[in-house]
Amino acid sequence: MGATNRVRAINIALRIATLASRFLLIFFLARFLEPAQLGLYGLLTATIGYSLYLLGFDFYTFTTREVLKRERQEWGGLLKDQGALSLVLYAIFIPLLSLIFINEMLPWSLAGWFFALLVLEHLNQELSRLLIAISEQLLASVMLFLRQGTWAIAVTALMAVEPSTRSLDYILGAWTVAGLVAVLAGAYRLTQLHIGGWNKKIDWKWIASGLKVSIPLLVATLALRGVFTLDRYWLQSLGGLEIVGAYVLFMGISGTLMTFLDAGVFAFSYPGLISAHHKQQPVLFLKNLRLLLIQTVILSVAFAIVSLLLLSFLLNWLNNPLYTAQQYLYPWVLIIMVLYALGMVPHYALYAQGIDKPIIHSHIASFFAFVITTWLFSRHSPLLAVPLGLCAAFALILVWKTWTFFKFTPLPYRSAQAQYIA
Numbered sequence: 007m008g009a010t011n012r013v014r015a016i017n018i019a020l021r022i023a024t025l026a027s028r029f030l031l032i033f034f035l036a037r038f039l040e041p042a043q044l045g046l047y048g049l050l051t052a053t054i055g056y057s058l059y060l061l062g063f064d065f066y067t068f069t070t071r072e073v074l075k076r077e078r079q080e081w082g083g084l085l086k087d088q089g090a091l092s093l094v095l096y097a098i099f100i101p102l103l104s105l106i107f108i109n110e111m112l113p114w115s116l117a118g119w120f121f122a123l124l125v126l127e128h129l130n131q132e133l134s135r136l137l138i139a140i141s142e143q144l145l146a147s148v149m150l151f152l153r154q155g156t157w158a159i160a161v162t163a164l165m166a167v168e169p170s171t172r173s174l175d176y177i178l179g180a181w182t183v184a185g186l187v188a189v190l191a192g193a194y195r196l197t198q199l200h201i202g203g204w205n206k207k208i209d210w211k212w213i214a215s216g217l218k219v220s221i222p223l224l225v226a227t228l229a230l231r232g233v234f235t236l237d238r239y240w241l242q243s244l245g246g247l248e249i250v251g252a253y254v255l256f257m258g259i260s261g262t263l264m265t266f267l268d269a270g271v272f273a274f275s276y277p278g279l280i281s282a283h284h285k286q287q288p289v290l291f292l293k294n295l296r297l298l299l300i301q302t303v304i305l306s307v308a309f310a311i312v313s314l315l316l317l318s319f320l321l322n323w324l325n326n327p328l329y330t331a332q333q334y335l336y337p338w339v340l341i342i343m344v345l346y347a348l349g350m351v352p353h354y355a356l357y358a359q360g361i362d363k364p365i366i367h368s369h370i371a372s373f374f375a376f377v378i379t380t381w382l383f384s385r386h387s388p389l390l391a392v393p394l395g396l397c398a399a400f401a402l403i404l405v406w407k408t409w410t411f412f413k414f415t416p417l418p419y420r421s422a423q424a425q426y427i428a
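Convert by adding 6 to the 1-based position in the sequence shown; the result is the number in the working numbering.
Dropping the structure here:
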């Protein structure tokens with residue numbers, strides 16, 4: 007086995023361990039917590055996930071491409087500039103996010119955990135993205151396991167043996183400690199890379215040029231992630247916090263598909279696509295893209311079959327009538343994730359070429375598709391309205407990105423026959 011294959015195998019093994027840990031966590035939370043508490047946990051995690059984009063402004067979409075184009079001696083200056091921008095964003099948005107608790111969208115008892123986890127998750131996210139971009143996928147997977155896998159294992163074991171620990175405070179406390187350890191591990195590795203350019207003055211003009219690229223992408227991301235945040239709050243208004251708990255459980259199961267694809271497929275594919283396009287190597291670009299498509303389809307189909315076969319056994323183990331009664335939600339949630347996964351293939355193909363406008367437009371359109379579809383169905387099928395809205399949103403994204411890929415991508419980068427003729 008070559009070095010690259012060994013790294014990929016270890017990387018996938020770490021991601022599988024993380025997935026297994028998260029999978030066990032969501033099931034043990036469903037078993038040990040009341041459905042309403044699980045629903046509250048789902049609202050908190052969704053709100054943190056959405057708020058992360060306000061602290062990062064999707065600036066990594068600009069920095070990643072710049073890092074891949076420049077020598078290591080220049081990386082420090084780029085990272086310093088990104089850090090300066092993040093400090094400004096922290097100063098603006100962290101006070102504003104307190105409105106979540108002032109307006110009682112979440113209880114004040116979770117405020118401390120919310121802000122601690124928000125900062126740690128942002129730092130971990132940016133460090134991981136940098137490591138993936140510079141082909142340090144293995145360490146990125148180690149960090150992911152530290153911040154998502156280790157604490158899930160620890161808190162699950164603790165709740166199993168000590169009933170008094172079955173509360174959100176213990177869960178969020180373990181998450182916070184693990185996030186801090188992961189940040190320290192990533193920062194330590196960064197000091198070993200001998201990156202130059204740290205003495206360079208902050209280039210606000212470069213930051214401004216990056217914002218011109220990242221802000222439109224941020225709008226698109228906020229629209230897309232807004233769907234995955236609004237869905238829980240909307241479902242709460244239609245069915246109550248207990249229904250949100252069931253929804254969070256099923257989303258947790260189906261969401262492992264995207265985590266696995268991110269680890270074993272996307273993290274290795276999109277840097278290669280960017281590099282092949284930048285070096286004007288259409289044969290390599292198309293080869294990588296086809297491999298990305300084949301792997302995504304195979305893994306999506308396999309995951310769908312296995313999860314559907316195992317779902318009844320898992321629900322029987324939980325022994326909670328509420329989750330069993332809401333089992334009809336899972337096929338819809340699974341369809342959402344498969345559509346999401348397939349849509350990432352043309353997404354990365356467009357992103358690698360710097361064709362960002364179709365990505366932006368499709369994400370914004372998907373938000374309106376979600377809102378309109380959910381609103382229409384909420385009158386007649388309130389508990390299915392949100393999943394149907396998400397299906398409409400991600401089906402639109404898949405069609406939109408696929409069509410624009412064939413429209414805007416030069417023929418040699420999307421057709422082997424064209425390369426042969428040339």
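Heads up, the beta-carbon is just placed ideally off N, CA and C, and yes, glycines get one too.
Check	Outcome
So, at 8 Å on beta carbons, what are the nonlocal neighbours of F29 in its own chain, with the 5 sequence-adjacent residues on each side left out?	G258, I259 and T262
Does any residue of chain B have a CB that is nearer than 8 Å to the CB of E40?	Among the chains of the structure shown, chain B does not appear; only one protein chain is present.
Between the alpha carbons of S432 and T156, how many angstroms are there, rounded?	With the chain represented from 7 up to 428, any question about residue 432 goes unanswered, as that position is not in the structure.
With a CB to CB cut of under 8 Å and the five nearest residues on each side skipped, what residues in its chain are close to Y2?	Nothing can be reported for residue 2: it is not among the residues displayed for the chain, which extend from 7 to 428.
Are S147 and L20 close, meaning C-beta to C-beta below 8 Å?	yes
State the DSSP-derived secondary structure class of F63, mapped to helix, strand or coil.	coil
Quick one, are the C-beta atoms of P352 and F411 less than 8 Å apart?	yes
According to DSSP, is H353 part of a helix, a strand, or is it coil?	helix
Report the start-end ranges of each alpha helix (DSSP H) in the stretch 303-335 that is 4 residues or longer and not cut off at the edges.	327-331
I'd like the list of long-range same chain contacts for I138, defined as Cβ closer than 8 Å, with 5 residues on each side in sequence excluded.	A146, A273 and P277
Kindly indicate the opening and closing residues of the alpha helix (DSSP H) around H284.	A273 to H284
Just to confirm, are L335 and P393 a CB contact at a threshold of 8 Å?	yes
With distances taken between CB atoms, is the gap from S275 to Y354 smaller than 8 Å?	yes
Starting from R238, follow the alpha helix (DSSP H) in both directions and report where the run begins and ends.	W210 to G245
May I have a chain-ordered list of the alpha helix (DSSP H) segments no shorter than 4 residues that lie completely inside the stretch 370-416?	388-414
Can you tell me which of Q286, H367 and V307 puts its alpha carbon nearest to the alpha carbon of L417?	Q286
Judging by CA-CA distance, which residue of I108, A180, L85 and E248 is the nearest neighbour of Y329?	E248
Taking Cβ positions, are K86 and K218 nearer each other than 8 Å?	no
Any idea what DSSP makes of M264, helix, strand or coil?	helix
For the alpha helix (DSSP H) containing K207, list its first residue and its last residue.	Taken as a continuous stretch (DSSP letters only), K207 belongs to no alpha helix (DSSP H), as it is neither H nor E.
Can you list, in chain order, the residues of its chain with a C-beta nearer than 6 Å to that of F256? Leave out the 5 residues immediately preceding and following it.	L335, Y336 and V339
If you measure between the beta carbons of L280 and R76, is that distance less than 8 Å?	The sequence shown places Ile at residue 280, rather than the Leu named in the question. No. Outside cutoff.
According to DSSP, is I1 helix, strand or coil?	This structure gives no information on residue 1, because the portion of the chain shown stretches from 7 to 428.
Consult DSSP for M149 and reduce its assignment to one of helix, strand or coil.	helix
Would you kindly check if the distance between the Cβ of K293 and the Cβ of L356 is under 8 Å?	no
Whose CA, out of L178, G83 and Y59, lies closest to the CA of G118?	L178
Which whole-angstrom value describes the C-beta separation of L461 and A122, a residue pair presumed to lie in contact below a C-beta threshold of 8 Å?	Missing from the structure shown is residue 461; the chain here goes from 7 to 428 and no further.
Determine the extent of the alpha helix (DSSP H) in which R195 is found, giving its start and end residues.	L174 to Q198
Please state the DSSP three-state secondary structure of S141.	coil
Please state the DSSP three-state secondary structure of Q287.	coil
Quick check on the DSSP output: the alpha helix (DSSP H) that includes R78 runs from which residue to which?	R78 to L103
Just curious, the alpha helix (DSSP H) that W114 is in, first and last residue?	No alpha helix (DSSP H) contains W114, which DSSP labels as neither H nor E.
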